[in-house]
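J.: Residue numbers (the numbering used here): -7 to 561. Quick reminder that beta carbons are idealized off the backbone N, C-alpha and C, glycines included. I'd like to ask you about the structure that follows.
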Ligand SMILES: [Ca+2]
């Protein structure tokens, strides 16, 4: 039975390659195979690309083993020139779909056209209070006083946000606590009302002096704390929270509420020396007979760029050239540790309107979290699970110390060993293309296209040469036969408890097992192959052979080690 199956497989391969040859003349130079492999002139091609480089650096990148260059969204006027130069160097390009024109239609150096770039950042649903618990609740917007002499804050605090009721708040910031705001409101019935205030976290802000009608004014105590219900992050260290100021007796009538800033900011503790500066902001007041602040109406987050944007770019591209390939780049928000809780249907739509999808995740230099290195492979696995059958996933990894403005200055770039593990763990989870990010932003001062250590450059040359040599099995290898990895349990939670990320690719009569130890500890896993094509595993680029016993073998992995086993008769 096993024998017959392998004969059938071999015959199919012959028929397939014959078809590829006869159809070649009518086919576009670049197309996707049914499993998502890029075929270049009918041959398997593994895109190895570098993010956004100027034409003057194409040749240098080719020297590092890149075969493709991503072209910036900002350089549309030179797209034909860029593609011509790539063609002359034997490279391919990934230009923006917005730069597509009749002039570059069918250009032999165009691999695919970018239809979307990180659309999946999430905009949280707008803040909305649920007042249904108390039909007599009185809602007063902080930013809508009848009269006001409090000086507003600078834009750091005096901001617009959909996490604020009505989009705004009343602010004070600086050194001057003078001024007051007066609000008018009407109570529908007599009663004891609680005064809840949604404001800048009280334990960091100035106390508030408040007064209903002509009753005595009261200052909020320094020990007053916010509650968690309805809190929202406004970014850059700003947050909005509910606080209970006190209780008031109201008649069914018209009233006034007068507020002012009390000098001496609380700075985190009632016992701390009060600060001289002023930080104070009020989003809304709620007078309610209920004993809790209003609940928040949960509204789903939405993407910063909805799928309709990609759909329009995709349809325009396909209308101009049905054979042109579309690709998109997603942020890592689809992967639970970075999840921004966008609903699945957005990803289904982004997948629908592209031929190729990709993502970037930089645990070392982007998140200052080298321990999260296993996430690159696990996120690749997740995106493969979200993609359509036949839609390839390309993974973009970190090569440079990016010197981002928002990371600690201590943050480093990946080492050559870390970058190598990221690349091969992406492949071991199904990536059919690898991109590199090589830019440094110099923390806003010193931009560099390529901030690459000598160690990284050497590793790029080695890894890219190996990827190129294994392009056939990586992009066209059949993954349907079973590979079971055991004995690799680890306490490393970033690795989800498994040290080894591995894939089996059957290609041209051989089984390739690509395996990476994504942890910082040694491991000795066992690999078991169902119907292995032979009893010996030769290690790619190593002078070792391991005999299989009943389709199984074990091997030693040092931290972040990569091994590729070629099993042949
Ligand atoms: Ca407001």
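1) Is the beta carbon of residue 81 less than 8 Å from the beta carbon of residue 120?
2) Measuring only the C-alpha atoms, how far is residue 516 from residue 333?
3) State the CB to CB distance for the pair residue 194 and residue 230, rounded to an integer number of angstroms; the pair is presumed to be in contact (CB under 8 Å).
4) Rounded to whole angstroms, how far is the Cβ of residue 365 from the Cβ of residue 279, which I believe are closer than 8 Å?
5) Consult DSSP for residue 76 and reduce its assignment to one of helix, strand or coil.
6) Grab me the residues of residue 436's own chain with a C-beta within less than 7 Å of its C-beta, minus the 5 sequence neighbours each way, in chain order.
7) Check the DSSP bridge columns for residue 133 and list the partner residues they point to.
8) For ligand 1, list every residue whose C-beta falls under 6 Å from any of its heavy atoms, going in chain order.
9) Check for me: the alpha helix (DSSP H) holding residue 337 runs from which residue to which?
10) Are at least three pairs of beta-carbons, each pair with one atom in the segment 287 to 301 and one in the segment 253 to 268, less than 8 Å apart?
11) May I ask you to verify whether the segment 551 to 558 touches the segment 527 to 542, counting CB pairs closer than 8 Å and requiring at least 3?
12) Please work out which residues of its chain come closer than 7 Å, Cβ to Cβ, to residue 399, disregarding the five sequence neighbours upstream and downstream, and give them in chain order.
13) Since residue 318 is in the beta strand (DSSP E), which residue starts that stretch and which ends it?
14) If you check the beta carbons only, do residue 316 and residue 92 fall under 8 Å apart?
15) Would you call the segment 363 to 378 and the segment 439 to 449 touching, i.e. three or more CB-CB distances under 8 Å?
16) With residue 271 and residue 149 assumed to form a contact (beta carbons below 8 Å), what rounded beta-carbon distance in angstroms separates them?
17) The beta strand (DSSP E) with residue 427 in it runs from where to where?
18) Compare the C-alpha of residue 493 against each of 478, 499, 502 and 503 and name the closest.
19) Does the Cβ-Cβ distance between residue 29 and residue 36 come in under 8 Å?
20) Taking the alpha-carbon positions, what's the residue 483 to residue 302 distance?
21) Hey, could you find the ends of the beta strand (DSSP E) residue 390 is sitting in?
22) Based on the DSSP secondary-structure assignment, which residues constitute the bridge partners of residue 202?
23) In the DSSP assignment, what residue or residues form a beta bridge with residue 217?
24) Compute the Euclidean distance between the alpha carbons of residue 288 and residue 200, then round it to the nearest angstrom.
25) Going by DSSP, what residue range makes up the alpha helix (DSSP H) through residue 446?
26) When you compare only the Cα positions, how much space is there between residue 541 and residue 514?
27) Just the Cα atoms here: how many angstroms apart are residue 431 and residue 358?
28) Beta-carbon within less than 7 Å of residue 329's beta-carbon, same chain only, minus the 5 sequence neighbours each way: which residues are those?
29) Would you grab the beta carbon distance between residue 425 and residue 38 for me? Rounded to a whole angstrom, and I think it's under 8 Å.
30) How long is the line joining the alpha carbons of residue 472 and residue 94, rounded to whole angstroms?
31) How do the segment 154 to 174 and the segment 108 to 120 stand: do at least 3 beta-carbon pairs fall below 8 Å, yes or no?
32) Quick one: Cα of residue 63 to Cα of residue 269, how far?
33) With a cut-off of 8 Å, do at least 3 Cβ pairs link the segment 318 to 325 to the segment 336 to 351?
34) Excluding sequence positions up to five away, which residues of its chain have a Cβ less than 7 Å from the Cβ of residue 434?
35) Which ranges would you report for the beta strand (DSSP E) in the segment 151 to 183 if only whole runs of at least 3 residues count?
36) Quick one: Cα of residue 486 to Cα of residue 324, how far?
T.: For this structure:
1) Not a contact, by the Cβ cut-off of 8 Å.
2) 37 Å
3) Taking the Cβ atoms as the reference, residue 194 lies roughly 14 Å from residue 230, outside the contact range of under 8 Å.
4) Residue 365 to residue 279, Cβ: 53 Å. No contact.
5) Annotated three-state conformation of residue 76 is helix, per DSSP.
6) 397
7) 276
8) Result: 133, 134, 135, 156, 157, 158, 160, 161, 275 and 276.
9) 336 to 344
10) The segment 287 to 301, when compared against the segment 253 to 268, does not touch it at the 8 Å Cβ threshold.
11) Short answer: they touch.
12) 360
13) 318 to 322
14) yes
15) no
16) Sure, about 7 Å apart at Cβ, within 8 Å.
17) 425 to 429
18) Cα-wise, what sits closest to residue 493 is 478.
19) In contact: residue 29 and residue 36 (Cβ atoms closer than 8 Å).
20) 41 Å
21) Residue 390 -> beta strand (DSSP E) spans 385 to 390.
22) 210 and 251
23) BP columns for residue 217 are empty, so no partner.
24) 24 Å
25) That run of the alpha helix (DSSP H) goes 446 to 461.
26) Within the model, the alpha-carbon separation for residue 541 versus residue 514 is close to 23 Å.
27) 12 Å
28) 367
29) 7 Å
30) 41 Å
31) Taking one beta carbon from each stretch, the segment 154 to 174 and the segment 108 to 120 have 3 or more pairs nearer than 8 Å; the two touch.
32) 48 Å
33) yes
34) In chain order, 395 and 440 place their CB closer than 7 Å to the CB of residue 434, counting only its own chain and leaving out the 5 sequence neighbours on each side.
35) For the segment 151 to 183, whole beta strand (DSSP E) runs of length 3 or above, ordered along the chain, are 162 to 166 and 172 to 178.
36) 15 Å
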